[in-house]
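The block underneath contains the structure these notes are about, expressed in structure tokens.
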Amino acid sequence: MITGTRKKPMMMILSLSKDTIQVQKEQDVVLLRNRIREVAVKIKMGLVNQTKLITAASELLRNMLRYGGGGKCLIEVVTRGRDNGVRLTFSDQGPGIPDIAAAMQDGFSTGKSLGLGLPGAKRLSNEFDLKSKPGEGTVVMILKWANG
Amino acid sequence: MLLFETFIKGREEVILRQTDEIAEISTPVIRVWDGILALPIIGTLDSSRTQIVMENLLQEIVETGSSIAILDISGVPAVDSLVAQHLIKTVSATRLMGAECIISGIRPEIAQTVVHLGIDLSNIITKASLASALSYAFRVLRLEVRKSSAISKTNL
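Line by line, the protein sequences give chains P and V.
Counting from 1, one number per residue, gives the positions in the first sequence under our numbering.
Counting from 1001, one number per residue, gives the positions in the second sequence under our numbering.
Structural data, given as structure tokens:
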């Protein structure tokens, strides 16, 4: 008899392609969204997942422009076993997020927005990671699998 | 070097002018019926565009005395929380003017995304297509569209 749960073998996430885009003004958002769509179409991501990924990216981009004063976005095509996905890393050198737990709550906003950007982006993506140090900046990573 | 800078500057001016122009032309308010306005939105809704959309719509409501406005978002590629917030504001402003606002053109993938984001649009009347929004508007105004049973010969 086997007791306990058997752990799934950890598979390495490999990056296939990298592309960095600078985001400084609102016009760059459209450019970046189109680029993300291109990448997503290339790995045959479904329309719903594409829309989810682009919406999540759009939320994080707006945060970056509004609070971080612009930054850069790294677009990667990643693979794990037979799964393909898109990984986006947004980094800025802004003021950082002092209270990450609060920022991840629905309806919390220091601006006058709905406060759904960060928690919404997390719900829309498969993997989400936020690192921030006050005074140094913020790095947000999201990953969406093509059929995840 | 100077030539290059002049070239870049020239291009930037062209782009800025085109941006203004797009903002101008892309928000027409259409009178689809007596008392019903439609506003198709194509492209991304940002703050400045929402301002133009709202101004045009409210002005047109006053001028035509319309009681129903349909905002069609089938041409909006993605609805994030900012766009949703702008939509909610436009709907509230229309209601203050005494008109009802319907949002139409919500595609399946947009609906799923909005739900995942956690945006509450439940107190707004939303329809999947412009046609269903229009038929809803007809119902509210107690108008009826039907096939005529017989073609009268006097008209032929």
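C-beta atoms are modelled at their ideal positions from N, C-alpha and C, and glycine is treated no differently.
Values in this document were obtained by computation on a predicted structure and should not be read as measured data.
*Is it true that the CB of Gly-85/P sits closer than 9 Å to the CB of Asn-126/P?*
yes
*Alpha carbon of Gly-4/P to alpha carbon of Gly-120/P, nearest angstrom*: Annotation note: pLDDT 49 at Gly-4/P (below 50); position unreliable, no value reported.
*Rounded C-alpha distance that separates Ile-1157/V from Gly-1035/V*: The displayed coordinates of chain V run from 1001 to 1156. Any statement about residue 1157/V would go beyond what the structure contains.
*Using the beta-carbon of each residue, which ones in chain P are nearer than 9 Å to Glu-1144/V?*
Here the premise fails: no neighbours, minimum Cβ distance about 37 Å.
*Cβ of Thr-110/P within 9 Å of Cβ of Met-64/P?*
no
*Measure the C-alpha to C-alpha separation of Met-1/P and Met-11/P and round it to an integer number of angstroms.*
With a pLDDT of 47 at Met-1/P, under the threshold of 50, the modelled position of this residue cannot be trusted, and the question is left open.
*asked:* I want to see whether chain V comes within less than 9 Å of Glu-76/P, judged by CB atoms only; does it?
replied: no
*Give the DSSP bridge partners of Gly-69/P, in chain order.*
Partner(s): none; Gly-69/P has no beta bridge.
*Helix, strand or coil: how does DSSP classify Met-141/P here?*
strand
*Could you tell me whether any Cβ in chain P is nearer than 9 Å to the Cβ of Glu-1109/V?*
yes
*Hey, could you find the ends of the alpha helix (DSSP H) Val-1076/V is sitting in?*
Note, Val-1076/V: premise wrong, no alpha helix (DSSP H); not H, not E.
_Strictly under 9 Å for the Cβ-Cβ distance: is Asp-106/P near chain V by that measure?_
yes
*Alpha carbon of Arg-1011/V to alpha carbon of Ile-1022/V, nearest angstrom*: 16 Å
*Kindly indicate if chain V contains any beta-carbon less than 9 Å away from that of Asn-147/P.*
no
*For Ile-43/P, name the three-state secondary structure that DSSP assigns.*
coil
_Quick check on this structure: which residue in Gln-1018/V, Leu-1039/V and Ile-1008/V has the alpha carbon closest to the alpha carbon of Thr-1094/V?_
Leu-1039/V
*Return the residues of the stretch 1109 to 1139 of chain V that lie within a Cβ-Cβ distance of less than 7 Å from chain P, sorted by chain order.*
Glu-1109, Ile-1110, Gln-1112, Thr-1113, His-1116, Leu-1117, Gly-1118 and Ile-1119
_Below 8 Å on the Cβ atoms is my contact criterion, and I expect Leu-124/P with Thr-1113/V to pass it. Report the Cβ-Cβ distance as a whole number of Å._
7 Å
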